[in-house]
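A short write-up of the structure that comes next.
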Amino acid sequence: MAAGKRVSGTGLTIRSVLLLAGLSGYGLSMALFVRAGLGLDPWDVFHQGLAKHTGLTIGGATALVGVVVLLGWIPLRNRPGVGTVANVIVISVVVDAALLVLPQPATLPVRTAMMVGAVALNAVSTVMYIGAGMGPGPRDGLMTGLVARTGWSVRLVRTGIEVTVLATGWLLGGTVGVGTVVYALGIGPLVQLVLRCTPARWLAASGWAHVVGDRAAEPAVATMSECPAPSTTTS
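Those letters in the sequence shown? Residues 59 to 293, per the numbering used here, in order.
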């Protein structure tokens with residue numbers, strides 16, 4: 059029994075570290091996108107546009123939207139987890155802190171490198187955050203809740219949500235550009251690539267355990283066919 063408790067405690071510690079590291083990385087990737095100035099992902103276009111009209115920081119706008127979206131969970135009967143609450147707090151704090159210390163790049167090559175690095179970091183952070191298995195982010199929960207309540211496809215619901223927030227954010231003055239397109243086209247394949255390059259033993263100790271199943275004891279990596287479609291983001 060004692061051994062079981064020790065294993066359980068270790069597992070919780072691992073998941074907590076993954077959660078905080080993933081959310082922190084996600085917040086940093088948002089700040090890199092903002093500093094690059096080449097376009098943001100749909101939700102961050104909305105966050106930035108909202109910030110311009112409210113006087114909030116981008117982190118503050120992100121947190122505010124997260125809380126409002128969580129209220130939308132009530133009629134959908136979704137239940138938040140520890141990761142859901144941490145998502146609202148950690149990401150907003152990290153993005154604002156990072157924006158205070160990150161310099162504004164002056165040349166296009168540096169801005170481009172910053173944008174590419176942001177997409178890559180976002181993918182790694184997404185794998186870590188979801189791997190923690192401690193609850194979906196507010197926006198992901200909205201999507202899955204709507205899918206469950208309406209019976210519509212994930213693709214239709216997610217596309218509808220992201221087109222809506224992107225258009226609204228653009229009208230509010232959020233930055234739409236090549237970075238928006240790069241993120242839209244690159245985030246899914248990059249998440250799958252990270253999963254393929256991650257040892258099954260690590261995945262088995264995370265929220266991705268259902269992907270590797272009995273291969274937990276093998277040192278092999280997860281194959282593309284074993285990785286679930288990365289339809290969920292940590293924002």
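C-beta: ideal position from N, C-alpha, C; glycine also.
Taking the alpha-carbon positions, what's the residue i to residue j distance?
{"i": "Gly232", "j": "Leu76", "result": "30 Å"}
{"i": "Val229", "j": "Lys110", "result": "The question names Val, but residue 229 in the sequence shown is Leu. Their backbone Cα atoms lie some 11 Å apart in a straight line."}
{"i": "Leu86", "j": "Val205", "result": "30 Å"}
{"i": "Thr238", "j": "Ala89", "result": "14 Å"}
{"i": "Ile245", "j": "Ile116", "result": "21 Å"}
{"i": "Gly107", "j": "Val148", "result": "21 Å"}
{"i": "Ile132", "j": "Leu122", "result": "16 Å"}
{"i": "Gly80", "j": "Gly209", "result": "30 Å"}
{"i": "His105", "j": "Val126", "result": "12 Å"}
Can you tell me whether residue i is helix, strand or coil according to DSSP?
{"i": "Arg213", "result": "helix"}
{"i": "Thr68", "result": "helix"}
{"i": "Asn180", "result": "helix"}
{"i": "Ala164", "result": "coil"}
{"i": "Asp102", "result": "helix"}
{"i": "Met88", "result": "helix"}
{"i": "Val125", "result": "helix"}
{"i": "Pro133", "result": "helix"}
{"i": "Leu108", "result": "helix"}
{"i": "Leu224", "result": "helix"}
{"i": "Gly203", "result": "helix"}
{"i": "Met192", "result": "coil"}
Kindly list the residues whose CB is nearer than 7 Å to the CB of residue i, restricted to its own chain and excluding five residues on each side of it in sequence; keep chain order.
{"i": "Met173", "result": "Phe91, Ala94, Leu96, Gly237 and Val240"}
Ignore the nearest five residues each way along the sequence and tell me which others in residue i's own chain have a CB closer than 8 Å to its CB.
{"i": "Gly139", "result": "Met192, Gly193 and Pro194"}
For residue i, which residues from the same chain have a beta carbon less than 6 Å from its beta carbon, with the 5 sequence-adjacent residues on both sides left out?
{"i": "Asp154", "result": "Thr115 and Gly117"}
{"i": "Asn136", "result": "Gly199 and Gly203"}
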